[in-house]
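A short worksheet on the structure shown next.
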Amino acid sequence: MSITPSVTPVADVTPGEATGAEEAGRRARRLRAFLSIPQAMVGAVLLVLLLGLTIIGPFVAPYPPNAISDSPLLGPSARHWLGTDTLGRDIFSRVLNGGGSVILLPLLAVAAAMVIAIVVGLLSGYLGGWTDAVVTRVVDVVLAIPSYLIVLVVVTAFGSGSTIVVLTVAVVYAPYIIRVLRAATLAVSPLDFVLAARARGEGIRWVVFREILPNIGPTLLVEIALRTTYAIMFIASLSFLGLGVQPPSSNWGVMVAENRLLLLAHPAGVIAPALLIGVLAISINLIADALTEFFGDRLHNQLMV
Amino acid sequence: MGSAGSPGSAGGAGSPGSAASPAGPGSPHSTRRGWNWRRPPYLVRALVKLAATLLAISVVVFGLTALAGNPAHDILGMDATQSQLAAFTAANHLNQPVVVRYLHWLAGVLHGDFGQSYVSGGSVWALIEPRLGRSLLLILFSWLLMVVVSVPAGLLAGVRLRGRADVAATLVTLSIAAFPEFVIGMVLIIVFAVNLKVLPVDSTAVSQGGLFDSLSSYVLPAVTIALGSIPYIVRLMRANARDVASHSYVRSAVLRGISEPALSVRHILPNAAPPVVTALGLQLASLVGGVIVAETLFSFPGIGQLLVQSAASRDAPVVETLTLMIGAAFVIINLLSDALVIMLTPKLRDAGR
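Shown next, in the form of structure tokens:
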């Protein structure tokens, strides 16, 4: 058995279900059932609030994020709600502008990691044999190196910046997801509907992406939510270390880093961005938790390999 | 299953049966009759795996930095002259083929010579050596703190499932887990250094005097690092204790009238421990991340801070050496925790020999 070349998972992911009114009603009911879990509701509300802040923020900010609007290190006042930083930039305006990269970069990294992991993990689990052996070995080696070290080595080699960090985090996270998806694929592969598809002569692409992939959906969703939480914290930490998004960006991680030396005299510049990162992570954590509970039984059955 | 199970799967359910099968039917202790080439002893397999992993790490690390090309421009700056660039390239042997450089470097590392720093020009080991002891002490403190807090807390939460202690533990761990380490550290600084003024704001004092002279400077970084891992271990311990507590032998012990502390310590802890021991080893990986963040946050002069500074200044020899050292420590600790799990689990103990 050989791997079919040029597999394009994104195109094949679309489930072949009818999207009639009945289907829409079923989806709405499932969404309502999901949101009836308290964690899901709280997480969703927090996330919507933060997304709103991030999307509307840049338009309502009183000053441009990098403009020197007043004298440096002013305390909170009516003109500057959170005061100004060392350079005289309005902290409130910077906070309103700083959410975009905090949310977007982890999403990009997780999306890229997912694409890699879905292709490699599913094929590895389905094909078995030497493909599986090689994938498992490589995954073990990457997992044997702490994530921070890989990022630091890449930054040493290629310099820092958001593109580098997104790509590296994608490569670092892919093995974790590959391991989970491979296990789920192993559990699904011997089931009747897969055997039936093979018996009627479907190709490997159909079997893997149309039969197996839709049936490990819950595992995939939970993994996406979990990995997004980790990626948010990881990329924010890298920005804090000065290895990710670079100043003068108003990224919340960068803001904590540049204002932390003035923590004693001027805490608002640290507390506001740090708190927002925390709320973002909590909201996605809660959603991940609720997803695990929502799909609990199915997920449990799948992962008992 | 090939030569040895992956670190994560050693505590899993599948390993006992599959580990026993290659020994052949009817001869579960074939090693007693001499050397079995198809299945060498655990220690040999573990050492081979250790060497292979380290070699792989060294290839990846060196290959990545080599792939990026000549770093002369990044190190010397944009206004370096042609002759300065040539001198830098020659001094660091960057004009030789990658394979030659790799073998040269590897030979040096095996002899304890880690090369010269691009930035300082001095030996890499001279940069690392004074910082190593401090960082090891910091890691030791935070790891001990993690074990001492999370194992009892998880056990208590799992035994008194859905009781008040369980709800409290779940709430606290969930909210700690939601914050990245640098935010947790920031909160600790605000509370303990700024408001209560009981601990130093940063840990620069660590570099003065002997290793144990400024222990108060270790407290906040160690707590920050530990808090990054405690939620994970508490939840794992809780889940394992819960599973063990549902077994019939626990119920029969309860019916015999055993006290709760005795039940927890004598019956539940030993049976719930193996996966947690594996995790406590694996957790050193995220401790490394915590050390890097906490040392930067607290200006702690250790190897984590050196690593970040060297990465930012593109000092490849320092980063390569530190990565290899931490990678080696990590792999060795995983092997030790695997061995400990095998010793703790009678089923694996008999099969794995």
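Sequence lines, in order, name chains A and B. Using this note's numbering, the letters of the first sequence map in sequence onto residues -13 to 291. Using this note's numbering, the letters of the second sequence map in sequence onto residues 550 to 902. Just so it is clear, CB atoms sit at the ideal spot from N, CA and C, and this is done for glycine as well. Source: prediction; values computed, not measured.
Let me know if residue i comes out buried or exposed under the rule of 16 or more other beta-carbons within 10 Å of its beta-carbon.
i	result
Leu68/A	buried
Ile42/A	exposed
Pro233/A	exposed
Ile688/B	buried
Leu616/B	exposed
Asp864/B	buried
Leu897/B	buried
Phe45/A	exposed
Pro22/A	In the sequence on display, residue 22/A carries Ser and not Pro. Ser22/A should be labelled exposed.
Ala160/A	buried
Gln645/B	exposed
Tyr667/B	buried
Tyr216/A	buried
Pro571/B	Since pLDDT at Pro571/B reaches only 44, below the 50 mark, its modelled position is unreliable, and no value is offered.
Ala860/B	buried
Gly777/B	buried
Ala156/A	buried
His66/A	buried
Gln25/A	buried
His653/B	exposed
Glu844/B	buried
Ser110/A	buried
Trp116/A	exposed
His252/A	buried
Gly563/B	Low per-residue confidence applies at Gly563/B: pLDDT is 38, beneath 50, and the placement is therefore not dependable, though the value from the model is reported in the following sentence. Its Cβ having fewer than 16 others within 10 Å, Gly563/B is exposed.
Gly573/B	For Gly573/B, the predicted model reports a pLDDT of 43, less than 50, meaning its position is unreliable; a value from the coordinates is still stated below. So Gly573/B ends up on the exposed side.
His622/B	exposed
Throw me the rounded Cβ distance for the residue i and residue j pair, which I believe falls under 8 Å.
i	j	result
Val208/A	Ala274/A	6 Å
Ala821/B	Ala802/B	Not really, about 14 Å apart at Cβ, beyond 8 Å.
Val890/B	Val826/B	5 Å
Phe78/A	Ala276/A	Their Cβ separation, rounded to whole angstroms, is 32 Å, which puts Phe78/A and Ala276/A out of contact at 8 Å.
Ile782/B	Met695/B	6 Å
Ile852/B	Arg650/B	No, Ile852/B and Arg650/B are not in contact; Cβ-Cβ is about 24 Å, not under 8 Å.
Leu272/A	Gly84/A	The pair is not a contact, with the Cβ atoms about 22 Å apart (cut-off 8 Å).
Thr872/B	Val610/B	5 Å
Ser55/A	Gly74/A	6 Å
Val137/A	Thr154/A	5 Å
Leu108/A	Ile198/A	6 Å
Val193/A	Ala183/A	5 Å
Would you check if the distance between the CB atom of residue i and the CB atom of residue j is smaller than 9 Å?
i	j	result
Ser763/B	Leu748/B	no
Phe220/A	Ser133/A	yes
Ala714/B	Met786/B	no
Ala726/B	Pro780/B	yes
Asn302/A	Val141/A	The question about residue 302/A has no answer here: the residues shown for chain A are numbered -13 through 291.
Val957/B	Leu599/B	No answer is possible for residue 957/B: it lies beyond the span of chain B, which begins at 550 and ends at 902.
Ala260/A	Phe731/B	yes
Ile218/A	Ile606/B	no
Asn245/A	Thr72/A	yes
Leu248/A	Gly255/A	yes
Ile210/A	Ala170/A	no
Gly830/B	Asp887/B	yes
Leu855/B	Leu676/B	yes
Thr773/B	Phe847/B	yes
Just list the residues that DSSP pairs residue i with in beta bridges.
i	result
Ser672/B	Gln665/B
Asp628/B	Per DSSP, none; premise fails for Asp628/B.
Asp76/A	Thr70/A
Ile54/A	Arg75/A
Notebook entry, point to check: At a Cβ cut of 8 Å, what residues of the region 838 to 861 of chain B count as close to chain A, listed as they run along the chain?
Noted result: Gly838, Ile841, Val842, Thr845, Leu846, Leu856, Val857, Ser859, Ala860 and Ala861
Next item on the list: With 9 Å as the limit, tell me which residues of the region 59 to 79 of chain A have their beta carbon closer than that to any beta carbon of chain B; keep them in chain order.
Entry: none
Item checked: Residues in the region 716 to 735 of chain B having any Cβ partner in chain A nearer than 8 Å -> Against chain A - using a Cβ distance shorter than 8 Å - the residues of the region 716 to 735 of chain B are Leu723, Ser724, Ala726, Ala727, Phe728, Pro729, Glu730, Phe731, Val732 and Met735.
Next item on the list: Below 7 Å between beta carbons is the criterion; list the residues of the region 868 to 880 of chain B that meet it against any residue of chain A, in chain order.
Entry: Val868, Thr872, Ile875, Gly876, Phe879 and Val880
Notebook entry, point to check: Between the region 138 to 158 of chain A and chain B, which residues of the former have CB atoms less than 8 Å from a CB of the latter, in chain order?
Noted result: The residues in question are Leu138, Val139, Val140, Val141, Thr142, Ala143, Phe144, Gly145 and Ser146.
Next item on the list: Identify each residue in the region 592 to 603 of chain B for which the Cβ-Cβ distance to at least one residue of chain A is less than 7 Å, and report them in chain order.
Entry: Thr602
Note to self: Residues of the region 741 to 753 of chain B in Cβ contact with chain A at a cutoff of 8 Å, in chain order, please.
What the structure shows: Val743 and Val750
Next item on the list: Can you give me, in chain order, the residues of the region 625 to 645 of chain B that have a beta carbon less than 9 Å from any beta carbon in chain A?
Entry: Cβ contacts with chain A: none found.
Margin query: Which residues of the region 214 to 229 of chain A have a Cβ closer than 7 Å to any Cβ of chain B? Give them in chain order.
Written below: The residues in question are Met219, Ala222, Ser223, Phe226, Leu227, Gly228 and Leu229.
Notebook entry, point to check: Which of the residues in the region 776 to 800 of chain B, read from start to end, lie with their CB under 8 Å from any CB of chain A?
Noted result: none
Notebook entry, point to check: What residues from the region 246 to 258 of chain A come within 9 Å of chain B, judged by C-beta to C-beta, listed N to C?
Noted result: Those would be Arg246, Leu249, Leu250, Pro253, Val256 and Ile257, in chain order.
Item checked: Where the region 262 to 285 of chain A meets chain B: residues whose CB sits under 7 Å from a CB there -> Ile263, Gly264, Ala267, Ile268 and Asn271
Check: According to a CB-to-CB cut-off of less than 8 Å, which residues of the region 679 to 691 of chain B neighbour chain A?
Finding: Going along the region 679 to 691 of chain B in chain order, one finds no residue with a Cβ nearer than 8 Å to chain A.
Checklist line | Near-chain B residues of the region 13 to 27 of chain A (beta-carbon distance less than 7 Å), N- to C-terminal order | finding: none
Notebook entry, point to check: Which of the residues in the region 603 to 617 of chain B, read from start to end, lie with their CB under 7 Å from any CB of chain A?
Noted result: Ala605, Ile606, Val610, Leu613, Thr614, Leu616 and Ala617
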